[in-house]
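J.: Residue numbers for the sequence shown follow our numbering, so the first one is 2 and each next one is one higher.
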Amino acid sequence: MLQDKTILVGITGSVAAYKAVDLIRRLRDAGATVRAIMTSSAERFITPLSVALACGEPALTSLFDQPFSHIDLPAKADVLVVAPATANILGKFANGIADDLLSTSYLVFRGPLVVAPAMNWRMYEHPAVKKNLATLLAQGASLVDPQRGTLACGEEGVGKMADVDAVIEGIRIALAPKDLAGERVLITAGPTREPIDPVRFLSNRSSGKMGYELARVARRRGAHVTLISGPTALPSPSGVTTVRVETALEMYTAVKERAGGATIAIMAAAVADFCASEQRTVKAEKQDMSLLQLDRTPDILAAIGALENKPFTVGFAAETGFRIDRAERKMVDKRADMMVFNDVLQEGSGFDTDTNVVTIISREDGGVLRKEHLPLMSKEAVASAIFDSILAHKG
Ligand code: CTP
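(1) Would you mind working out which of G112, N133, K161 and T189 sits nearest N121, comparing C-alpha positions?
(2) Label V369 either buried or exposed according to how many other C-beta atoms from any shown protein chain fall within 10 Å of its C-beta, with 16 as the threshold for buried.
(3) Is it buried or exposed, V256, if we count other Cβ atoms within 10 angstroms and call 16 or more buried?
(4) Would G212 pass as a contact of I188 if the rule is Cβ separation under 7 angstroms?
(5) Between P238 and R220, how many whole angstroms is the CB-CB distance? I'm expecting something under 8 angstroms.
(6) Run through DSSP, which three-state label would D338 get?
(7) Rounded to whole angstroms, what is the Cα-Cα separation between R327 and S207?
(8) Where does D23 sit, in a helix, a strand or coil, going by DSSP?
(9) Any heavy atom of the ligand CTP inside 6 angstroms of the beta-carbon of L302?
(10) With a CB to CB cut of under 6 angstroms and the five nearest residues on each side skipped, what residues in its chain are close to A139?
(11) Under 6 angstroms: does the beta carbon of D79 sit that close to some heavy atom of the ligand CTP?
(12) Just reading off the alpha helix (DSSP H) that T360 is part of, what are its end residues?
(13) Run the CB neighbour count on S63, radius 10 Å, all protein chains shown included, and call it buried at 16 or more, exposed below.
(14) According to the neighbour-count rule (16 or more other Cβ atoms, all chains shown, within 10 Å of its Cβ), is V200 buried or exposed?
(15) Between K284 and the ligand CTP, is there a pair consisting of the residue's CB and a ligand heavy atom that are separated by less than 6 angstroms?
(16) Touch check for the stretch 323-337 and the stretch 349-356: three-plus C-beta pairs under 8 angstroms?
(17) May I ask you to report which of helix, strand or coil DSSP gives L295?
(18) Can you pull the DSSP bridge partners for D198?
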């Protein structure tokens, strides 16, 4: 998404200015062209040389360095991101004050604005700052929330600039088309964990990466997203309501509670098919061969498929071998509208990878199944392709 985009980074006077250098490098690594404007206060914290080395282009600091830079830079930019953004620049942007290169460029710019504020917590709470931020948000700007932490002054509070990952996610959100606006997307992800006794459990190798990527992409494209996640090592995607569960039964309950309002349900979790019949409260002895008496877990996808007013329902079928026939059978049996098949034995596909090779199975008019084979792609690109396909079939 950042490939071949031109990003104009504004850097203002905060101790967090050093993070802008890392931000610029990461944006360039992702394929973007980056130009930077520094305010005179920013120059007190980092040098234009550091910023120029990160950008591969001079960092501009004055309206008068190059004539018309306040016209040319914004005209070429796809997005303007101000990180860190001081109370001063938010006030200037909100009130149309144009007294330096950054504030003047803002008035010329017509694309999406992303701001990552950084300031003392009292300043961030001040009604004047809140009003200026509200004005910018009402005009369509995206806010990357500052974090709570120990601030430069030594005080504790909300005002630390968000980390660079969150700023990049803010840029991706600002650049994405909002073709899922109005959709309420319910996603399951990760494995489930079925306890046998207090130290043992049944589970599987799912990392949750595919489901989390689906949540992130849906949110970027404007959907309201709820992610029901089994145990994973992944952080909650920003702007997504994440509900953490452990067992298949807990996942089933969490999904049933939220399925009513959903317009799209994507069951990407690798739900354990069995749980221990009896939950022991003390550790079982190894000679106890009755340890693994198993029961079936509820089938969450089938339960959604059986709802009267079901959302557009998507299932996943992770198989060993090119068993599309099994995916098709599951699609019919569980009354899913779409199935995403992958062969976990194929190179670049399956558990804990950042890529996947999938076939999307959908229904054409008349109920005939249609298969769309996708090449090896990042899980982010697979997630985008799944939503493109959902939009094409949802009606
Ligand atoms: N699934 C579910 N609840 C379960 C089991 C599976 O919601 N208890 C969903 C998965 O999230 C996935 C789809 O069903 O979207 C396919 O899961 P899979 O385990 O492959 O299907 P099964 O019917 O269990 O088939 P089998 O174990 O025979 O492969």
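Don't be surprised by glycine CBs; every beta carbon is placed ideally from N, CA and C.
Note that this is a predicted model, so its numbers are computed, not measured.
T.: Quick answer:
(1) Closest option to N121, judged by alpha-carbon separation, among G112, N133, K161 and T189: K161.
(2) Its Cβ having fewer than 16 others within 10 Å, V369 is exposed.
(3) The residue is buried, with at least 16 neighbouring Cβ atoms inside 10 Å.
(4) In this structure, I188 lies closer than 7 angstroms to G212 by Cβ.
(5) Under the criterion of beta carbons closer than 8 angstroms, P238 and R220 qualify as touching, at roughly 6 angstroms.
(6) In the structure shown, the three-state DSSP call for D338 is coil.
(7) Taking the straight line joining both Cα atoms gives about 19 angstroms.
(8) Here D23 sits in helix by DSSP.
(9) The closest heavy atom of the ligand CTP lies less than 6 angstroms from the beta carbon of L302.
(10) Excluding residues within five positions, none has a Cβ falling inside 6 angstroms.
(11) Checking every heavy atom of the ligand CTP against the Cβ of D79, none is found closer than 6 angstroms.
(12) Element bounds for T360: not the alpha helix (DSSP H) but the beta strand (DSSP E), V359 to R364.
(13) Under this definition S63 is an exposed residue.
(14) By the 10 Å Cβ count, V200 comes out exposed.
(15) It does not: the Cβ of K284 is nowhere closer than 6 angstroms to a heavy atom of the ligand CTP.
(16) Proximity of the stretch 323-337 to the stretch 349-356 falls short of the contact definition, fewer than three beta-carbon pairs being nearer than 8 angstroms.
(17) In this structure, L295 counts as strand in the three-state DSSP scheme.
(18) Answer is R201.
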